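Trainee: Read left to right, the sequence shown gives residues -21 to -1, 1 to 488 (mature numbering (1 follows the signal peptide of the UniProt record, and there is no 0)).
Each residue gets a CB set at the ideal place from its N, CA and C atoms; glycine is no exception.
What you are looking at is a predicted structure, and each value in this text was computed from that prediction instead of being measured.
Below: one structure in structure tokens.
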Amino acid sequence: MSVCLLLVLFILTTHTQVSSGKSLKLLQEQWRIYTNECIQSFISTPPAAGLVCNRTFDQYVCWPDGLPGTTVNVSCPWYLPWYSKVDHGLVYRVCGADGRWVHGKNTSECEQDDPGQKQYGQILSKFRAMYTVGYSLSLAALTLALGILVSFRKLHCMRNNIHMNLFGSFMVRALSILIKDTLLDQMNRARSGPSHYQSTRWLDTQTVVGCRSAMVMMQYSVMANNCWLLVEGLYLHSLLVTTVFSERNYFCIYLCIGWGAPLIFVLPWMTVKYLYENEECWERNMNMGYWWIIRSPILFAYLINFIIFIRIIKILMSKLKAHQMRYTDYKFRLAKSTLTLIPLLGIHAVLFTFVIDESVPKESLLRLIRLFYDLLFSSFQGLLVAILYCFVNKEVQSEMLKKWKRWKLGKDIDEEYRHTHSQTPHAKSSTAPPAAHDCPDTSSSLESQRLVTGLQNGLSRSRGRARLQFTSQTQEGASNCSSLTEDICLEERPLNNEGSAAVLEETNV
């Protein structure tokens, strides 16, 4: 009875089916013949001397004595129904240095080649290439966007502080997923490789711990990212419905929701995986009930954000109607604001929220469509958010334009200053003694320092122009020298106020 159970388990784990030409009874009979042959070979062959891994039959294949520190290989068992297709394949197993067989074996060369499974694997490989490009582009764009928001102090407000935390959560998510995929690739290659080095590397404790740590970090970053999407929705809703809005108190709450709330769910999930599913890299969900520890709060965040999204759209519709604009302009601006809010609140995730893994077959078309949709938007969402809320933001563009004008003006002034002082000694050399009329070097360095200081501080503001005035004055006597006075006028513009206007500005209305 136990033999039959082991045989059935083997068939289920290799995801194969017995062909109609060979019944289960025939397969069982052939397996018994193979077992007897294995035992007879053990009896007829004398045992090896010294430290070896003892010959054994692991209910799948017959293993001879193995030398310590080597990888033993034997042919695929001939009782397999598809043996004619894998008759040249081998099974690999590692014999440890202590003379004990290492747990597990590599049977990949003896598995049945399923065309459907192979095609499904090719599709998943293309999906992975797609989201790898998406996360890489998002990571680069978000890094640049976060650097811009951090470097300009005039952009430091409640709204942009939340945006910066959202950018950070997207960056951590992209980075953890890319690291996790890299570690999984290394471990899978080591696990499937026939060499002793690769197999022992797969079994290395530090490698497994590193991969599991990356998996835990990925789960935390995904949940933190969804929590900050929820914070964006809560903040916009608070601006619209709250009369008295204390930004400092609310921001502390937002920080706890964004970075603290995920720990409430990730730590129990990590404990359950360690106690009940402590296998490989924790990437497989054998018991889907444990996976709901992570999934349920994410679905809850989707639901809350969707409700907030509908409420914000209603408020925007009423505000646009109050402006009494034309119907075509009204539709255009409403559609624009709606499309802008979708990536900020993660509304796209609601479409396939209830198409869960347990409800659809693994290789079904619906599941592939949901997987493609989810991976596409999740990987490129960070790029869209960086573009919409940093690169095309009018406040950000205005600050960058002023920074560019100041840098360009400073460069032009510096060139003009050097040119003027380089020509002055030649003009005066023919008419006056150098000792009486040349300005000391300390005066030139002092004037240059005053010029740079005035340029950096943005002194003498005006409306859209920069004026440079030079005044030179000569006095009699040995101490007479020229003086330089600069007047730099730069345009300054105050940032927009918070409140309902900020919500309309967020959606480009």
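So Y74 and C32 are supposed to be a Cβ contact under 8 Å. How far apart are they, rounded?
Mentor: The count along the sequence shown starts at 1 and reaches residue 74 at position 95. The count along the sequence shown starts at 1 and reaches residue 32 at position 53. The sequence as given places Cys at residue 74; Tyr does not occur at that position. The pair is a contact, with the Cβ atoms about 4 Å apart (cut-off 8 Å).
Trainee: L69 by DSSP, collapsed to three states: which one?
Mentor: On the sequence shown, residue 69 is found 90 positions in, with the first residue counted as 1. Strand, per DSSP.
Trainee: Can you tell me whether W57 is buried or exposed? The criterion is at least 16 other CB atoms within 10 Å of its CB, across all chains shown.
Mentor: For this step, residue 57 is matched to residue 78 along the sequence shown. So W57 counts as exposed.
Trainee: Whose C-beta lies closer than 7 Å to the C-beta of C206 among residues of the same chain, with five residues either side of it excluded?
Mentor: Counting from one through the sequence shown, the residue named residue 206 turns up at place 227. Answer for C206: I236, G237, A240, P241, A280, listed in chain order.
Trainee: Have a look at A120 and I366 and give me their C-alpha separation to the nearest angstrom.
Mentor: Stepping through the sequence shown from its first residue, residue 120 is reached at position 141. Stepping through the sequence shown from its first residue, residue 366 is reached at position 387. The alpha-carbon atoms of A120 and I366 are separated by roughly 8 Å.
Trainee: Going by beta carbon distance, what residues of the same chain come within less than 7 Å of A153, once the five residues before and after it are set aside?
Mentor: By 1-based counting over the sequence shown, the position of residue 153 is 174. So the list reads Y114, S117, L118, G361, once near-sequence residues are dropped.
Trainee: Less than 7 Å separating the beta-carbons of L215 and C190?
Mentor: In the sequence shown, the residue the question calls residue 215 occupies position 236. In the sequence shown, the residue the question calls residue 190 occupies position 211. Cβ atoms of L215 and C190: not closer than 7 Å.
Trainee: In terms of DSSP beta bridges, what is W261 paired with?
Mentor: As a position in the sequence shown, residue 261 is number 282, starting the count at 1. Beta-bridge pairing links W261 to no other residue.
Trainee: What is the C-beta distance between S148 and S192, in whole angstroms, given that I count them as a contact (C-beta under 8 Å)?
Mentor: For the purposes of this step, residue 148 is taken as residue 169 along the sequence shown, with counting starting at 1. For the purposes of this step, residue 192 is taken as residue 213 along the sequence shown, with counting starting at 1. In fact, because the Cβ distance is near 19 Å, the residues do not count as touching under 8 Å.
Trainee: In the structure shown, what three-state DSSP assignment does N85 receive?
Mentor: As a first step, residue 85 must be located in the sequence shown, where it is residue number 106. Here N85 sits in strand by DSSP.
Trainee: Taking all protein chains shown into account, decide if T250 is buried (16 or more other Cβ within 10 angstroms of its Cβ) or exposed.
Mentor: Working through the sequence shown from its first residue, we reach residue 250 at position 271. It is exposed - the Cβ of T250 has fewer than 16 other Cβ atoms within 10 Å.
Trainee: Should V53 and V65 be called a contact, given that it needs their Cβ atoms to be closer than 7 Å?
Mentor: Mapped onto the sequence shown, residue 53 falls at position 74. Mapped onto the sequence shown, residue 65 falls at position 86. No. Outside cutoff.
Trainee: Rank L246, M137, F359 by C-alpha distance to the C-alpha of A108 and give the top, closest one.
Mentor: As a first step, residue 108 is located in the sequence shown; it is residue number 129 there, counting from the start. The residue with the shortest Cα to Cα distance from A108 is F359.
Trainee: Bridge partners of W42, per DSSP?
Mentor: Here residue 42 is taken as the residue at index 63 of the sequence shown, counted from 1. According to DSSP, which records beta bridges pairwise, W42 is partnered with T35.
Trainee: Out of T332, L125, R138, M196, point me to the one whose CA is closest to P276's CA.
Mentor: Taking the first residue of the sequence shown as 1, we reach residue 276 at position 297. Ranking T332, L125, R138, M196 by Cα distance to P276 puts T332 first.
Trainee: Helix, strand or coil for L299? Go by DSSP, reduced to three states.
Mentor: The residue given as residue 299 occupies position 320 in the sequence shown. Three-state result, L299: helix.
Trainee: Going straight from the alpha carbon of T186 to that of S155, what length do you get?
Mentor: Numbered from 1 along the sequence shown, position 207 holds the residue referred to as residue 186. Numbered from 1 along the sequence shown, position 176 holds the residue referred to as residue 155. Whole-angstrom Cα-Cα distance: 16 Å.
Trainee: Quick check on C190: does DSSP put it in helix, strand or coil?
Mentor: Residue mapping note: residue 190 aligns to position 211 of the sequence shown, counting from 1. It is helical.
Trainee: Less than 7 Å between C-beta atoms, sequence neighbours within five positions excluded: which residues of the same chain meet that for R79?
Mentor: On the sequence shown, residue 79 is found 100 positions in, with the first residue counted as 1. Same-chain partners within the cutoff: C32.
Trainee: Please go through the same chain and pick out, in chain order, the residues whose beta-carbon is closer than 7 Å to the beta-carbon of E256, but skip the five residues on each side of it.
Mentor: Walking along the sequence shown from the start, residue 256 turns up at place 277. So the qualifying residues of the chain are M265, N266, Y269.
Trainee: Distance, Cα to Cα, L5 vs K159?
Mentor: Along the sequence shown, one-based indexing puts residue 5 at 26. Along the sequence shown, one-based indexing puts residue 159 at 180. Their Cα atoms are separated by approximately 44 Å.
Trainee: One question on the structure: do L234 and I283 come within less than 7 Å of each other, judged by their Cβ atoms?
Mentor: Taking the first residue of the sequence shown as 1, we reach residue 234 at position 255. Taking the first residue of the sequence shown as 1, we reach residue 283 at position 304. Not a contact, by the Cβ cut-off of 7 Å.
Trainee: Can you list, in chain order, the residues of its chain with a C-beta nearer than 7 Å to that of I321? Leave out the 5 residues immediately preceding and following it.
Mentor: For the purposes of this step, residue 321 is taken as the residue at position 342 of the sequence shown. The answer, listed in chain order, is H327.
Trainee: Cα-Cα, which of L59, W271, R34, V81 is closest to G48?
Mentor: Mapped onto the sequence shown, residue 48 falls at position 69. Nearest option by C-alpha distance: V81.
Trainee: Indicate the three-state DSSP secondary structure (helix, strand or coil) for S343 in the structure shown.
Mentor: Taking the sequence shown and counting its residues from 1, one reaches residue 343 at position 364. Reduced to three states, the DSSP call for S343 is coil.
Trainee: Which whole-angstrom value describes the C-beta separation of E378 and F131, a residue pair presumed to lie in contact below a C-beta threshold of 8 Å?
Mentor: Within the sequence shown, numbered from 1, the residue matching residue 378 stands at position 399. Within the sequence shown, numbered from 1, the residue matching residue 131 stands at position 152. With 8 Å as the limit, E378 and F131 qualify as a contact, their Cβ atoms being about 5 Å apart.
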